[in-house]
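In this text, residue positions in the sequence shown follow the working numbering: the first is 96, and each later residue adds one. C-beta atoms are modelled at their ideal positions from N, C-alpha and C, and glycine is treated no differently.
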Amino acid sequence: MPPHVDLVIVFKTSTITLSKQQAREDATKAEGQYSKLLATLKQAGLLAVGRRGQKDGELVILVSSPPKTLAGLLHRERHTDFLSGLPTASIPSATKSFDDGLLSPAERIRLIHSHITSVPQDGGLGIAPQSDDWQFVDSILPLHDTDFNKTWLKVWTTTQFSTVNVSSIRAQFGDSVALYFTFLSVYFKALAFPSVLGIVFWYRGEPYSALYSHLLVLWSVTFVEYWRIRERILALRWGTSGALKVERFRAHYTPGFPWWKKELRVLASVPVTLLFTGILAALMTGIFMLEAFVSMLYTGPAHMVLQTLSPAILFTLLVPRVLRSHMARAKSYTAWENHAHQSSYEASLATKTFALSSIVSYLNLVLSALVYVPFGDNLTGWVQAQISTGGSLVARDVPVAAAADFDFDVASTGEGESEVKAALGVWNLTDVEQARARLNPRRLQEQMFAFMVTNQLVNAFGEIVVPYVVRRVKAYRAGKRDTAAGGDGKKKKVAFEDEVKETKEIKGGTEHDLETKEDREFLERVRGETGMPAYEVFGDYNEMVTQFGYVAMWSAIWPLAGVAALINNFFELRSDAFKVTNLTRRPIPLRTDTIGPWLDSLTFITWFAAVSNAALVYLYSGSSHNGTTTALFVAGTDATLDVAVKRQLLFRAALIALGASHGFIIVRAVIKHILEMMFWKGSPELHQAESNTKEVKEKYLASVDAQVSVAGVASGEVAPIEEEQGKAFWSYDEGLDEIRKAGKDA
């Protein structure tokens with residue numbers, strides 16, 4: 096049977112150096128820090144031993160906690176929870192016995208990891224990966240429970256489940272991961288309503304339906320407010336309500352930092368975020384103009400390639416670079432803000448990243464709805480004018496709205512007539528009507544299909560298939576290298592003094608002779624897991640919140656968006672389970688009672704859904720006269736109506752959206768009140784929490800002999816009158832005399 100290991104610490108013994116002298120100095124520092132690390136762990140009552148790692152210059156330190164140490168950590172946490180007002184079933188001092196078998200694997204790992212990484216102010220060891228004091232400590236990870244992983248995947252892939260077994264997930268991976276899978280499950284079930292609704296309206300051929308949009312907004316508000324209550328109920332059930340009160344300080348937090356300085360640093364990051372937002376918006380707008388107008392007018396060589404591939408190529412080459420650059424700076428600025436706790440750090444980072452991810456996800460739809468359709472013909476003429484001789488003459492002498500009537504004469508410049516003709520011959524600059532005819536009236540529907548179907552398939556492929564293939568290829572190559580190196584698969588040994596086995600008793604043996612085959616297989620599994628990337632629930636929440644935005648804000652364009660999301664999330668539940676168990680390290684359990692900043696993002700999306708649906712319905716809803724409001728006000732009999740008419744159209748849409756925004760506030764308040772009465776007030780979890788709190792307080796008062804005794808009154812004994820001064824006053828009662836007197840008078 097392999098040894099029980101709670102945590103693995105990855106220790107890098109080498110760094111990138113430029114000279115041998117520096118390499119020797121780093122080796123000396125690494126040896127000193129390694130010895131200090133082992134001493135710190137052992138002095139804290141933990142078992143620790145080092146083994147070689149997956150790569151040269153890497154060690155894995157296996158850490159385990161004896162029951163006595165674990166009991167002390169649990170007892171200390173219960174004290175802290177009790178003093179901070181967290182739900183508890185008993186008084187810490189009243190719990191004398193300890194059975195580590197009653198602790199779930201996630202609780203055990205969390206207690207030990209928290210003790211190792213917490214700062215000394217919180218009673219921890221302060222061993223934070225890549226901190227100033229522990230620069231050779233690369234990371235800390237728990238090991239996967241392979242038996243549980245296989246069972247979990249088998250159940251989810253071979254049976255039809257109606258509910259997620261949250262208890263088993265929480266026992267293995269902690270509150271944070273369990274809360275994510277619960278959210279995903281609740282969201283998956285909630286999508287049934289917009290899916291059925293979308294099928295009905297799609298079958299009837301009614302996009303931009305006012306009824307559909309109203310019902311969709313009501314659904315989105317109901318879902319978000321229901322989840323707000325649901326996570327509170329789960330927090331009471333799991334005993335994590337108020338977990339932020341006992342959150343430990345971040346290892347990189349500088350204590351004694353003035354609050355106003357932190358706020359100034361937060362404000363200082365706003366211009367940087369706005370700068371990247373502007374860059375990304377300009378880039379996305381440029382790609383949109385190229386795709387929607389410029390490529391449409393180009394008729395030269397490879398024009399089909401330009402129309403179909405150039406926007407995708409530009410997007411792939413430029414947008415991810417901007418996002419990576421912003422993410423790096425966002426993390427740097429967020430760390431610079433000196434947040435005391437990890438929750439506030441993640442909330443600040445999520446706010447910075449959500450703005451840019453929203454632009455990437457939704458800006459194309461905004462431009463198509465508010466620019467391409469209403470102003471497509473005008474912009475086509477404007478683009479033609481800009482391409483023709485730089486557009487200077489046209490822009491100066493010809494109104495934009497009259498671009499359709501302008502006869503582009505390439506000889507009007509008087510210079511280089513043949514060259515200009517040759518250059519402009521690849522552009523459709525004269526037949527404005529033909530160019531207008533190529534405007535795509537179904538562009539919005541096609542974009543929604545691409546976002547909800549194509550993009551989700553591509554994301555799933557990149558999230559699951561590619562990492563799996565890369566991992567298998569790396570494992571195959573590593574196996575070939577090991578075989579070529581020595582024939583027995585053994586790697587070069589990198590060790591410090593604690594790893595040297597006492598082998599004098601085994602004549603001619605090595606340290607590997609003391610390890611059984613089972614131990615060697617276990618260590619190979621440990622090394623394999625250290626090579627996996629860390630799992631971050633941040634990205635999964637971002638993906639689901641973005642998808643919710645498409646359904647809530649834009650599915651009036653394509654009602655089947657809810658169906659696409661429902662089908663995707665059916666597989667998302669299983670693919671995320673596969674990713675957690677096979678493609679990433681085991682998540683480090685965290686105590687939490689909320690999905691944090693993502694709930695605020697969902698709330699913002701529901702508000703914007705009311706605004707966007709109102710605008711879309713007004714602009715594109717069916718009418719008995721001319722198809723849509725946009726067609727009724729814009730198309731008419733003249734294809735080149737004045738721009739002022741179209742601006743008036745958008746102005747009216749903005750007023751309607753403003754009214755919807757105010758109506759949203761009222762609707763949300765009503766729905767929130769109804770759901771509170773239905774699911775929160777009188778819920779079993781709330782009653783149980785109140786009962787437990789009262790019971791614990793009573794036990795506490797009894798334990799400190801502070802219970803107020805009223806035994807004398809209860810037993811009927813007369814309280815003695817001790818003060819001589821008040822005897823006369825308290826000895827005379829005239830109540831009966833007055834009652835009898837009243838009876839006689841009657």
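Below-7 Å beta-carbon distance, residue i vs any chain B residue
i	result
S670	Absent from the structure: chain B. Only one protein chain is present.
Exposure of residue i, with buried meaning 16 or more beta-carbon neighbours within 10 Å
i	result
R205	buried
V272	buried
D121	buried
R680	buried
M379	buried
A764	exposed
R203	buried
F276	buried
Y715	buried
I235	buried
M543	buried
V553	exposed
H782	exposed
W314	buried
S786	exposed
Straight-line gap, residue i to residue j (C-alpha atoms, nearest Å)
i	j	result
L311	A647	7 Å
V103	A784	37 Å
S130	W229	12 Å
W355	L306	49 Å
S453	P562	26 Å
D695	S443	12 Å
E342	F177	14 Å
T701	S456	16 Å
F231	V155	12 Å
V214	V105	19 Å
F268	P200	8 Å
P302	A659	16 Å
I690	S439	12 Å
Start and end residues, alpha helix (DSSP H) containing residue i
i	result
V673	It is worth fixing the name first, because residue 673 is Phe in this sequence and not Val. Element bounds for F673: 656-673.
S707	692-715
W333	305-333
Y275	270-285
E829	Where E829 is concerned, there is no enclosing alpha helix (DSSP H), given that its DSSP letter is neither H nor E.
E541	538-544
H210	200-212
V250	241-253
L465	First-last for L465: undefined, no H or E at that position.
D614	612-625
E638	632-649
Delimiting residues of the beta strand (DSSP E) encompassing residue i
i	result
R147	142-147
S160	No beta strand (DSSP E) contains S160, which DSSP labels as neither H nor E.
Three-state secondary structure (DSSP) of residue i
i	result
V103	strand
E153	strand
V560	helix
D217	helix
L136	helix
D233	strand
K776	coil
M384	helix
G127	helix
T689	coil
H434	coil
M547	helix
H782	helix
E342	coil
L165	helix
G180	coil
A223	coil
G300	coil
Residue i CB to nearest heavy atom of the ligand MN below 6 Å
i	result
K124	This structure simply doesn't include the ligand MN, nor any ligand for that matter.
key: At least 3 beta-carbon pairs within less than 8 Å: the region 610-621 vs the region 279-294   = Three or more beta-carbon pairs separated by less than 8 Å are not found between the region 610-621 and the region 279-294, which leaves the two stretches without contact.
message = Any contact between the region 367-387 and the region 457-472? By contact I mean 3 or more CB pairs, one from each, below 8 Å.
response = Touching, per the Cβ criterion.
ask   = Do the region 746-766 and the region 696-705 meet, that is, are 3 or more Cβ pairs less than 8 Å apart?
value = Contact holds: three or more Cβ-Cβ distances are below 8 Å.
query = Do the region 155-167 and the region 207-218 touch if we need at least three Cβ pairs shorter than 8 Å?
reply = Touching, yes, given that three or more Cβ pairs across the two stretches are closer than 8 Å.
key: Touch test, the region 244-252 against the region 140-148, Cβ-Cβ under 8 Å, three pairs minimum   = Verdict: no, contact absent.
inquiry  = Can you confirm whether the region 279-286 touches the region 663-679 when touching is taken to mean that 3 or more C-beta pairs between the two stretches lie within less than 8 Å?
reply    = Between the region 663-679 and the region 279-286 there are three or more C-beta pairs closer than 8 Å, enough to call the two in contact.
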